[in-house]
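Quick notes on the structure that follows.
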Amino acid sequence: MTRWLTEAVPRGRVAAFRTLIYLFVAADLVIFTPWVRTRVSVPGDLYQPLLIGRALPLPTPTETLVTVIFWSLLALALLAATGRAPRLLGWAVCALYLEWMIIAMSYGKVDHDRFGLLVALAVLPTAGRARHGDTTRTEAGGWALRVTQIAVICTYFLAAFAKLRFGGLDWLTGSVLARAIIRRGTDLADLIAQVPYLLIVAQFGIVAFELLSPLVFFLPPRWRLAMVGFFYSFHAVTIATITISFAPHLAAMTSFLPLERVRPLVWARRLVGRGPAAPTPTSPEQIRADAGAESPPLSDQASVVGRPAGP
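The sequence shown: position 291 = 290 (our numbering), numbered continuously.
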């Protein structure tokens, strides 16, 4: 179990995931949750903090407090995306974003799509330093990604549990999707709703897929990526039909992907022709030396930090 939780991954994957998550936090402030700043106009007695907000305890949001959190979090998230000072900046972003979410969710509505993102912010500072493109493997980074993956799958599994706990079997056979389409459906959803019993079948399918989501951990790597692709396609259909976005959850779900292969800066340099050219041997002696040189094979499991290569 310990080996599975700390399965080593390339540092480049950790660096890419870190950059993506912190850039998403910055985007979240200005695109998805700028409405949190309007909470200061709501009377203070309507602020009913979540359990964590009562336990700490945290102050009632004021215009000054929310403004300071907004600009501080925006600046620190952009700095953290560079990979510098991963622990200091990471813990600061985690604390500020947690407070941002407590303010957002303490007025009667709690979104479950933030769980995976919050867990990612909590564990990324423990992953240590990581550079883009680094193939050296790290168990600390593997643990951070694995814990995030578990949080993502728990979001699915516990959502199904909540449906059955509070809605019972009526959730499966009722008009849940029909009401969602009436409230915020698209033209595509209207076409789907005209097919007899299709929405009922879809409700059974949603619960089944959420309950079976933990199987992703037992699949071979190629099939695991295919299942994660199915998760993304499910959310694409959700957005296209009932316009519900799970953007924070989708960002956290990239913890399953081989992000070290995504190198936009390298691709851009190649595109504009500024990439470094390989040196060309100019002498017969150099050509013979290069022909006789053998590079050690690259193993998919080689060079975990602090552990000798080989079995």
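No residue lacks a Cβ here, since even glycine has one placed at the ideal position from N, Cα and C.
I'd like the span of the alpha helix (DSSP H) that includes TRP90, first residue to last. 85 to 103
Cβ contact check for the stretch 59 to 68 and the stretch 106 to 116: 3 or more pairs under 8 Å: no
If the criterion is Cβ atoms closer than 8 Å, does the pair PHE255 and ARG221 meet it? no
Rounded straight-line distance, which links the Cα of GLY43 to that of ALA136: Note on identity: in this sequence residue 136 is Arg, with Ala being the wrong assignment. Taking the straight line joining both Cα atoms gives about 49 Å.
Alpha-carbon to alpha-carbon, PHE165 and PHE208: 18 Å
Cβ atoms of ILE205 and LEU197: under 8 Å apart, would you say? no
Do PRO9 and ASP133 come within 8 Å of each other at the CB atom, strictly closer than that value? yes
Residues sharing a beta bridge with VAL39, DSSP: Bridge partners of VAL39: none, in fact.
Which of the three DSSP states, helix, strand or coil, is assigned to THR137? strand
Determine the extent of the alpha helix (DSSP H) in which MET226 is found, giving its start and end residues. 220 to 241
Determine the burial state of GLY272: buried for a count of at least 16 other Cβ atoms within 10 Å of its Cβ, exposed for fewer. exposed
Near THR279, what residues of its chain come up, given a Cβ to Cβ distance below 8 Å and the 5 sequence neighbours on each side ignored? Any answer about THR279 is weak, because its pLDDT of 48 lies below 50 and its placement is not dependable; what the coordinates show is given next. There are no such residues.
Going by DSSP, name the residue or residues bridged to VAL215. None, per the DSSP bridge assignment.
Using the three-state DSSP reduction, which class does VAL311 fall into: helix, strand or coil? With the chain represented from 0 up to 310, any question about residue 311 goes unanswered, as that position is not in the structure.
Would ARG312 and PRO257 qualify as a contact pair, given that the criterion is a beta-carbon distance under 8 Å? Since the first residue shown for the chain is 0 and the last is 310, residue 312 is missing from the structure and cannot be characterised.
For ILE149, which of THR253, VAL175, ILE20 has the nearest alpha-carbon? THR253
Have a look at ARG36 and TRP70 and give me their C-alpha separation to the nearest angstrom. 11 Å
Around the Cβ of LEU55, are there at least 16 other Cβ atoms within 10 angstroms (buried) or fewer (exposed)? exposed
Could you compute how far the alpha carbon of ASP27 sits from the alpha carbon of HIS248? 12 Å
Length of the line joining the Cα atoms of ILE102 and ALA91: 17 Å
C-alpha gap between VAL122 and ALA143, whole angstroms: 5 Å
Quick one, are the C-beta atoms of ALA14 and HIS131 less than 8 Å apart? yes
Check whether PRO124 and CYS93 have beta carbons under 8 Å apart: yes
Measure the C-alpha to C-alpha separation of ILE180 and GLY127 and round it to an integer number of angstroms. 45 Å
How is VAL109 classed by DSSP in three states: helix, strand or coil? coil
By Cβ distance, which residues of its chain are closer than 7 Å to ALA250, with the 5 residues on each side in sequence left out? LEU19, ILE20, PHE23, LEU116
Limits of the unbroken alpha helix (DSSP H) element including ARG262: Segment: none, ARG262 is in no alpha helix (DSSP H) and carries neither H nor E.
Can you tell me the Cα-Cα spacing of VAL39 and PRO48, whole angstroms? 14 Å
How many Å lie between THR5 and ARG113 at the Cα? 24 Å
For ARG145, count the other beta carbons within 10 Å of its own beta carbon; 16 or more makes it buried, fewer makes it exposed. Which is it? buried
From LEU211 to ARG178, what does the alpha carbon distance come to, in whole angstroms? 25 Å
DSSP three-state call for PRO9: helix, strand or coil? strand
For LEU95 and PHE230, I'd like the C-alpha separation in whole angstroms. 29 Å
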